[in-house]
Amino acid sequence: MVSITAPGAATLRKVTIRLVPFLGLLYFVNYLDRVNIGFAGPNGMKTDLGLTETAFGFASGIFFVGYLLLEVPSNLALHRFGARRWIARIMASWGVVATAMAFVPDATVLYFLRFTLGVVEAGFFPGILLYLTYWFPQAQRARIVALFMTAVPISTAVGATFSSLVIQYGDGVFGLSGWRFMFLVEGLPAIALAVVTWFYLTDRPAQARWLVPAEREWLSEELAEEQAAVERAEHWTVRKALTHPRVLGLALIYGGIVYGLYALGFFLPTIIDGFQQQYGTNYSVVQRGLINAVPYLVGAVVMVWWSRHADRTGERMWHVAAPALVGGLAIPIALSLGDPFAAMVAVTVCAVGVLAALPTFWALPSTFLSGAAAAGGIALINSVGNISGFVAPYVTGGLKDVTGSQQAGLWVVGLAMTASAVGVLTLRRRTGAVRVCR
Numbered sequence: 027m028v029s030i031t032a033p034g035a036a037t038l039r040k041v042t043i044r045l046v047p048f049l050g051l052l053y054f055v056n057y058l059d060r061v062n063i064g065f066a067g068p069n070g071m072k073t074d075l076g077l078t079e080t081a082f083g084f085a086s087g088i089f090f091v092g093y094l095l096l097e098v099p100s101n102l103a104l105h106r107f108g109a110r111r112w113i114a115r116i117m118a119s120w121g122v123v124a125t126a127m128a129f130v131p132d133a134t135v136l137y138f139l140r141f142t143l144g145v146v147e148a149g150f151f152p153g154i155l156l157y158l159t160y161w162f163p164q165a166q167r168a169r170i171v172a173l174f175m176t177a178v179p180i181s182t183a184v185g186a187t188f189s190s191l192v193i194q195y196g197d198g199v200f201g202l203s204g205w206r207f208m209f210l211v212e213g214l215p216a217i218a219l220a221v222v223t224w225f226y227l228t229d230r231p232a233q234a235r236w237l238v239p240a241e242r243e244w245l246s247e248e249l250a251e252e253q254a255a256v257e258r259a260e261h262w263t264v265r266k267a268l269t270h271p272r273v274l275g276l277a278l279i280y281g282g283i284v285y286g287l288y289a290l291g292f293f294l295p296t297i298i299d300g301f302q303q304q305y306g307t308n309y310s311v312v313q314r315g316l317i318n319a320v321p322y323l324v325g326a327v328v329m330v331w332w333s334r335h336a337d338r339t340g341e342r343m344w345h346v347a348a349p350a351l352v353g354g355l356a357i358p359i360a361l362s363l364g365d366p367f368a369a370m371v372a373v374t375v376c377a378v379g380v381l382a383a384l385p386t387f388w389a390l391p392s393t394f395l396s397g398a399a400a401a402g403g404i405a406l407i408n409s410v411g412n413i414s415g416f417v418a419p420y421v422t423g424g425l426k427d428v429t430g431s432q433q434a435g436l437w438v439v440g441l442a443m444t445a446s447a448v449g450v451l452t453l454r455r456r457t458g459a460v461r462v463c464r
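Here the numbering used here runs 26 ahead of the position in the sequence shown, where the first position is 1.
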């Protein structure tokens, strides 16, 4: 790829300012609606609905069963019909289901709504990743994906505090308990943003009237040239992308990384709540939310710095393997330490490892996939990898019920992340180091 000229850099800055903050906002709302059950659980929902830790883990994870079933067809639909229409459709339907969580009467309906939420949300995250390939060259993608994905730690950090405040001060509003009011407040923004998305997003650079003609032409030609180069190197059909060992290997690697993400996302509030018994401490709902935010705030900073380093060096594989390995080694000892501060340091290192690995990982598929093959391949990697989203909370909760401790579940987190690091290095040895030309 030809190095980016000054006019080209100005164009990319304009595109970044126009798209990335808005997409990050959408993902912020999306991710918060996905994981806010983690805040509801220890703040009344498990008691009100009579959920064991295993049942709570099942309710958290069944989301990903529906998500898995429709991920690939949803992403292919986005590639065919355009991001503006499809993302708006996803947001409107997930907003309705997320809001309905406020009125769940029992565990059975909870399971149904969580499954349905996965069905209607399928394709959102891989769709955004695919959409970013329509606007940014490969050499900038790790950094851009990191900026977009800061919505994950921010939604968990800010969302933890916000959700805790809503639960604490919203208790009794409209006759709802605090956790129900939280679902209501956090579900409605998705419906409003669906309308905004319909009018705000632009499907492709050639249609962007907010770029001047020379900018549209430069960006369209740059991306077309890059896509042609990828296709000349090796032609990938949709069928090949859905069955090739390299894509399936990436899906398994991704699964190990997000195992840590979702185990922490769903159970960190419960782990912090357990500090009160383990260490004899006492935290208010808001204090627990603030403590929950710390690992993700640190992770957000490291995520952006690490992805910039990956783009600057052009190296990809070690930028995925190293943080995954560090995070995997840190988490099993988190609750073996002698005080809550030391335990939170270990949890923070794990969160940093997970978050640093993710953006560079998602820069890998587009180095050899494009067009409809990229749509199918990225969706497959995300859907298969997100099986961990079901397994992680279910296994973590089950092991807590069986052993009476969070330690066994966290050992599994460490093993999953370490296995992903080994998988990346194995893939590197078999396919060669992935280095992006600048």
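Glycine included, C-beta positions come from ideal geometry on N, C-alpha and C.
Just so you know, these numbers come straight off a predicted model, no measurement behind them.
Indicate whether T386 and R454 have their beta-carbon atoms separated by less than 8 Å. On the sequence shown, residue 386 is found 360 positions in, with the first residue counted as 1. On the sequence shown, residue 454 is found 428 positions in, with the first residue counted as 1. Cβ distance not < 8 Å, so T386 and R454 don't count as in contact.
Which parts of the segment 167-244 are runs of the alpha helix (DSSP H), unbroken and 4 residues or longer, counting only runs that do not cross its ends? For the segment 167-244, whole alpha helix (DSSP H) runs of length 4 or above, ordered along the chain, are 167-175, 177-195 and 204-226.
Does Q164 pass the burial test, meaning 16 or more other C-beta atoms within 10 Å, or should it be called exposed? Position 138 of the sequence shown, counted from the first residue, corresponds to residue 164. Using a 10 angstroms sphere on the CB of Q164, the tally of other CB atoms reaches 16 or more, which defines it as buried.
Could you work out which residue in T80, R235, H105 and L51 is closest to T37 when comparing CA atoms only? Counting from 1 along the sequence shown, the entry for residue 37 is found at position 11. It is R235.
So, at 8 Å on beta carbons, what are the nonlocal neighbours of V324 in its own chain, with the 5 sequence-adjacent residues on each side left out? The residue labelled residue 324 in the question sits at position 298 within the sequence shown. The residues are T374, A377 and V378.
If you pair each beta-carbon of the segment 348-359 with each one of the segment 435-448, do three or more pairs fall below 8 Å? The segment 348-359 vs the segment 435-448: in contact.
Taking the alpha helix (DSSP H) that F150 falls in, what are its first and last residues? As a working mapping, residue 150 is identified with position 124 in the sequence shown. F150 -> alpha helix (DSSP H) spans F150 to T159.
Would you call the segment 49-60 and the segment 390-408 in contact, with 3 or more CB pairs under 8 Å? When Cβ pairs closer than 8 Å are counted between the two stretches, the segment 49-60 is seen not to touch the segment 390-408, the count staying below three.
Whole-number beta carbon distance between L210 and L219, since they are thought to touch under 8 Å: Locating residue 219 in the sequence shown gives position 193, where the first residue counts as 1. Locating residue 210 in the sequence shown gives position 184, where the first residue counts as 1. About 16 Å; that fails the 8 Å criterion.
Assigned secondary structure, T452 (DSSP; H/G/I helix, E/B strand, else coil): Taking the sequence shown and counting its residues from 1, one reaches residue 452 at position 426. T452 falls in the helix class under three-state DSSP.
For a quick check, are the C-beta atoms of H345 and A356 less than 8 Å apart? Residue 345 sits at position 319 when you count from the first residue of the sequence shown. Residue 356 sits at position 330 when you count from the first residue of the sequence shown. Here H345 is not near A356, since their CB atoms are 8 Å or more apart.
Three-state secondary structure assigned by DSSP to L395: Position 369 of the sequence shown, counting from 1, holds the residue named residue 395. Correct three-state label for L395: coil.
For I43, count the other beta carbons within 10 Å of its own beta carbon; 16 or more makes it buried, fewer makes it exposed. Which is it? As a first step, residue 43 is located in the sequence shown; it is residue number 17 there, counting from the start. I43 counts as exposed, since fewer than 16 other C-beta atoms from the protein chains shown sit within 10 angstroms of its C-beta.
Check whether the segment 44-53 and the segment 167-180 are in contact - that is, three or more C-beta pairs closer than 8 Å. A contact between stretches requires three or more CB pairs, one per stretch, nearer than 8 Å, and the segment 44-53 meets this requirement with the segment 167-180.
Cβ atoms of S86 and I63: under 8 Å apart, would you say? Against the sequence shown, residue 63 aligns to sequence position 37. Against the sequence shown, residue 86 aligns to sequence position 60. Their beta carbons are under 8 Å apart, which means I63 touches S86 by this criterion.
Alpha carbon of A369 to alpha carbon of P358, nearest angstrom: Here residue 369 corresponds to residue number 343 of the sequence shown, with the count starting at 1. Here residue 358 corresponds to residue number 332 of the sequence shown, with the count starting at 1. In this structure, the CA atom of A369 is about 10 Å from the CA atom of P358.
Tell me the residue span of the alpha helix (DSSP H) that contains A389. Counting from one through the sequence shown, the residue named residue 389 turns up at place 363. First-last for A389: undefined, no H or E at that position.
Opening and closing residue of the alpha helix (DSSP H) in which N101 lies: Translated into the one-based positions of the sequence shown, residue 101 becomes position 75. Judged by DSSP secondary structure, N101 falls within the alpha helix (DSSP H) whose first and last residues are F89 to F107.
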